[in-house]
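First the structure, in the form of structure tokens, and then the observations on it.
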Amino acid sequence: MHRLVGATNRSNKQKQTTTNNNVRTRRSFVTLRKDFLSFSLVELASREMSEQPDQPDIRPVLNLDESTWDGWLNSFILWVAQNPWQFLSNVLLCLSPFFLISLFLSWKLTKAIEDEKKEKKLKAKRTAQMSKARSLRQSKKPVQKES
479 MHRLVGATNR SNKQKQTTTN NNVRTRRSFV TLRKDFLSFS LVELASREMS
529 EQPDQPDIRP VLNLDESTWD GWLNSFILWV AQNPWQFLSN VLLCLSPFFL
579 ISLFLSWKLT KAIEDEKKEK KLKAKRTAQM SKARSLRQSK KPVQKES
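If you count by the working numbering, then the sequence shown holds residues 479 to 625, one letter each, in order.
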């Protein structure tokens, strides 16, 4: 029994050391990764600094003249980018009548479908009663004697 306990203690110690080694390697990997990222960012910044004097700052000039469709579209897109909540509220405000019309028409459609189902049931019930009455009438008919 003592041997088994010692063996389990050793295996537990080995597991702890392996987990500690894993944690150390993870930490070193993270620090290496951070160092690499910081180095690459510094290198990127230095490249940008060296390239800026060579190339002038080129920005596209948007046509904002609202007399042309291109200018109107550009100014509209800029307005949407600057005021997204106002844009969404305007869209919902414009679409709300259509939502209400759709609600009303779908309600009417469901009522019509329900009425059709009721009418079919009544028609089926009526035909069943009529066929039952015919069969009863035929069975009660007196048999005529031949003379």
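All C-beta atoms, glycine included, are put in the ideal place defined by N, C-alpha and C.
DSSP places Glu-597 in the helix class (H, G or I) of the three-state scheme. Rounded to the nearest whole angstrom, the C-alpha separation of Glu-594 and Lys-610 is 24 Å. The beta carbon of Asp-548 sits closer than 8 Å to the beta carbons of Asn-541 from its chain, once the five residues preceding and following it are set aside; these are given in chain order. Per DSSP, the continuous alpha helix (DSSP H) segment holding Ser-553 begins and ends at 547-560.
Rounded to the nearest whole angstrom, the C-alpha separation of Leu-551 and Val-558 is 10 Å.
Cβ neighbours of Arg-612 within its own chain (closer than 7 Å, five residues either side excluded): none.
In this structure, the alpha-carbon of Lys-589 lies about 11 Å from that of Lys-596.
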